[in-house]
Amino acid sequence: MSITTRFAPSPTGHLHLGHAYSALFAAQASGDINARLILRLEDIDPGRSKKEYEDQIFSDLRWLGLRWHEPVRRQSRHMDDYASALDRLTGMELLYPCFCSRAAIRREIAASSSAPHDIPKGPDGPLYPGTCRDITAMQREDLKAAGQPFALRLNMSQAMAIAGTLYWHDADQGTLQATPEIFGDVIVARKETPTSYHIAVTLDDHLQGISLITRGQDLFHASHVHRLLQSLLDLDQPDYHHHRLIEDDTGRRLAKRDNAATLMALRASGTTTAQVRQLLGFGP
Ligand code: GLU
6 MSITTRFAPS PTGHLHLGHA YSALFAAQAS GDINARLILR LEDIDPGRSK KEYEDQIFSD
66 LRWLGLRWHE PVRRQSRHMD DYASALDRLT GMELLYPCFC SRAAIRREIA ASSSAPHDIP
126 KGPDGPLYPG TCRDITAMQR EDLKAAGQPF ALRLNMSQAM AIAGTLYWHD ADQGTLQATP
186 EIFGDVIVAR KETPTSYHIA VTLDDHLQGI SLITRGQDLF HASHVHRLLQ SLLDLDQPDY
246 HHHRLIEDDT GRRLAKRDNA ATLMALRASG TTTAQVRQLL GFGP
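Okay, so the sequence shown: first residue is 6 according to my numbering, each after it adds one.
See below:
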């Protein structure tokens with residue numbers, strides 16, 4: 006059976022060597038590094054996504070020798086798909102509005118009676134203490150009527166009770182039991198954007214027929230949540246391969262702030278495509 010992979014950058018900065026590795030890894034994992042990629046622009050954050058970054062992504066990928074299918078899926082144009090998925094979860098009574106600010110959550114956690122080392126922590130930090138899960142329907146309506154902005158959170162224990170025990174497969178780690186509860190009541194729609202990374206990526210991977218999701222180790226834990234959403238929304242279940250992260254000379258993972266490692270800067274300094282491919286282990 007043929008393998009369908011994708012590369013899904015966010016146009017919120019310039020691509021660096023880590024992205025180049027990820028794009029080449031996806032192309033190679035599809036079975037043919039020269040085949041066209043499925044490319045998706047994860048541009049749901051209107052404040053940070055920019056056309057100039059998008060244009061540079063196309064230029065850098067072309068320079069890397071990669072080609073892709075048209076049209077490129079831009080998440081910002083598919084908000085209706087994400088809204089339908091959220092409606093479905095709402096219909097299952099699995100979502101609740103959360104009016105808390107980050108500062109309020111921090112205060113709530115600090116004020117909780119637990120000793121600091123007893124406060125449950127997940128991959129993204131301390132878990133949401135559930136404040137808005139327990140308010141009454143009347144309080145919710147009052148806050149909405151007063152125009153308080155709100156995010157939508159997944160009631161994790163109820164969602165897991167419906168889904169039952171789930172498994173997913175990672176190429177390096179084998180078959181794993183999904184433990185999405187490590188994130189607590191995860192946000193599925195943000196106050197400023199009526200979707201989230203988790204909803205958009207899970208739905209799109211299904212709609213685009215992705216059979217093998219390749220991405221960095223930094224997103225490994227997110228796959229536990231994605232497996233749960235696949236089950237709740239009746240989506241196909243892909244396989245996963247989380248690849249290593251490219252580090253700088255000091256052993257720190259490359260990030261958007263590392264300007265020297267951007268493909269744009271490397272190109273400007275005369276580095277060739279062959280050198281970058283070689284450096285990343287995709288040389289001839
Ligand atoms: N858009 C994400 C990023 O640029 C990648 C998402 C994914 O591969 O699932 O880090």
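Where is the CB? At the ideal position from N, CA and C, for every residue including glycine.
Every value quoted in this text rests on a predicted model; they were computed, and no experiment measured them.
By Cβ distance, which residues of its chain are closer than 8 Å to residue i, with the 5 residues on each side in sequence left out?
{"i": "MET161", "result": "PRO185, GLU186, PHE188, GLY189, ASP190, VAL191"}
{"i": "LYS55", "result": "PRO16, THR17"}
{"i": "LEU69", "result": "ALA25, ALA28, LEU29, LEU268, THR278, VAL281, ARG282"}
Output needed for residue i: all residues of its chain with C-beta closer than 6 Å, excluding positions within five of it in sequence on either side, in chain order.
{"i": "HIS211", "result": "LEU240, ASP241"}
{"i": "LEU234", "result": "THR207"}
{"i": "LEU91", "result": "ALA194"}
{"i": "ILE251", "result": "LEU22, GLY23, TYR26, LEU259"}
Looking at C-alpha atoms only, which residue of the options is the closest neighbour of residue i?
{"i": "PRO102", "options": "PRO131, ASP147, GLY130, ALA115", "result": "ASP147"}
{"i": "LEU46", "options": "ARG72, TRP68, ASP60, ARG79", "result": "ARG79"}
{"i": "VAL193", "options": "ALA156, LEU22, SER216, HIS229", "result": "ALA156"}
{"i": "GLN222", "options": "GLN182, GLY286, HIS246, PHE287", "result": "HIS246"}
{"i": "ARG195", "options": "CYS105, ALA34, LEU71, ASP65", "result": "CYS105"}
{"i": "SER7", "options": "ALA40, PRO76, PRO14, HIS174", "result": "ALA40"}
{"i": "SER89", "options": "ASP209, SER274, HIS19", "result": "ASP209"}
{"i": "PRO328", "options": "ALA108, ARG145, ALA32, LEU284", "result": "Outside the displayed span of the chain (6 to 289) sits residue 328, for which this structure offers no information."}
{"i": "ARG111", "options": "GLU98, LYS126, LEU250", "result": "LYS126"}
Would you mind sorting residue i into buried or exposed? The rule is 16 or more other CB atoms within 10 Å of its CB.
{"i": "ALA150", "result": "exposed"}
{"i": "ILE218", "result": "buried"}
{"i": "THR10", "result": "buried"}
{"i": "SER153", "result": "Note on residue identity: the sequence assigns Gln, not Ser, to residue 153. Its Cβ having fewer than 16 others within 10 Å, GLN153 is exposed."}
{"i": "ARG232", "result": "buried"}
{"i": "THR277", "result": "exposed"}
{"i": "HIS74", "result": "exposed"}
{"i": "PRO51", "result": "exposed"}
Excluding sequence positions up to five away, which residues of its chain have a Cβ less than 7 Å from the Cβ of residue i?
{"i": "ALA270", "result": "ASN264"}
{"i": "ILE49", "result": "GLN80, SER81, THR198, THR200, ALA205"}
{"i": "GLU93", "result": "Note on residue identity: the sequence assigns Arg, not Glu, to residue 93. The answer, listed in chain order, is LEU238."}
{"i": "VAL230", "result": "PRO185, PHE188, VAL191, HIS203"}
{"i": "GLU24", "result": "What sits at residue 24 in the sequence shown is His, not Glu. So the list reads PRO14, once near-sequence residues are dropped."}
{"i": "HIS226", "result": "PRO128, ILE187"}
Given the structure, does residue i come close to ligand 1, in the sense that its CB is under 7 Å from one of the ligand's heavy atoms?
{"i": "PRO243", "result": "no"}
{"i": "PRO154", "result": "no"}
{"i": "LEU224", "result": "yes"}
{"i": "PRO128", "result": "no"}
{"i": "SER201", "result": "no"}
{"i": "ALA51", "result": "This sequence places Pro at residue 51; Ala is not what is there. Checking every heavy atom of ligand 1 against the Cβ of PRO51, none is found closer than 7 Å."}
{"i": "ARG220", "result": "yes"}
{"i": "VAL206", "result": "yes"}
{"i": "ALA260", "result": "no"}
{"i": "PRO185", "result": "no"}
{"i": "SER47", "result": "It should be pointed out that residue 47 corresponds to Glu in this sequence rather than to Ser. Correct: GLU47 has its Cβ closer than 7 Å to ligand 1."}
{"i": "ALA13", "result": "yes"}
When every heavy atom of ligand 2 is checked, does at least one fall within less than 7 Å of the C-beta of residue i?
{"i": "SER35", "result": "No copy of ligand 2 appears in this structure; the ligands present are ligand 1."}
Give me the Cβ distance between residue i and residue j, rounded to the nearest whole Å; I'm assuming they're in contact under 8 Å.
{"i": "ILE124", "j": "PRO131", "result": "5 Å"}
{"i": "LEU159", "j": "LEU100", "result": "6 Å"}
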